[in-house]
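Take 605 as the starting number for the sequence shown in my numbering and just add one per residue.
Note that the Cβ used here is the ideal one computed from N, Cα and C, for glycine as well.
Reviewing the structure listed below.
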Amino acid sequence: PGRGRPFSAYTLDQLPGKTVRMRIKLADEERPAIGNTWVKVPNGWKRCMGDNFQDQYAFCFGNYKDFSGFQMPDGRQCTIYPGCTE
């Protein structure tokens, strides 16, 4: 409720010669896109273990003590987001 705002989608062939205006608002605090996969800790977020280290989805399922690492877009192997290492 209360989120009804104008929305449009364009294909690339509709954009040449056009001006598109967007209003972007950043969240006060960054949060994971998918719930129950990361745990808030004092310096950021830790990724839940899931079934094992290779679990692509890594849902917590109530386990908030075991965590897995993850790879940042720049290739760094990290244990905490956003600082990468603790």
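Residue from the options whose Cα sits closest to the Cα of residue i
i	options	result
K669	A662, Q681, M653	M653
R627	R635, Q681, F611	F611
Start-to-end residues for the beta strand (DSSP E) that takes in residue i
i	result
K650	648-652
K644	642-645
Whole-angstrom distance between residue j and residue i, CA atom to CA atom
i	j	result
P605	Q681	Interpretation of P605 is limited by its pLDDT of 48, a score under 50 that renders its predicted location unreliable; the figure taken from the coordinates is listed afterwards. Distance between the alpha carbons of P605 and Q681: 40 Å.
G666	R625	43 Å
N656	A613	38 Å
T641	Q660	10 Å
Q675	P620	36 Å
T689	K629	28 Å
Proximity below 8 Å, CB of residue i to CB of residue j
i	j	result
I684	V645	yes
G648	G687	yes
F671	K650	yes
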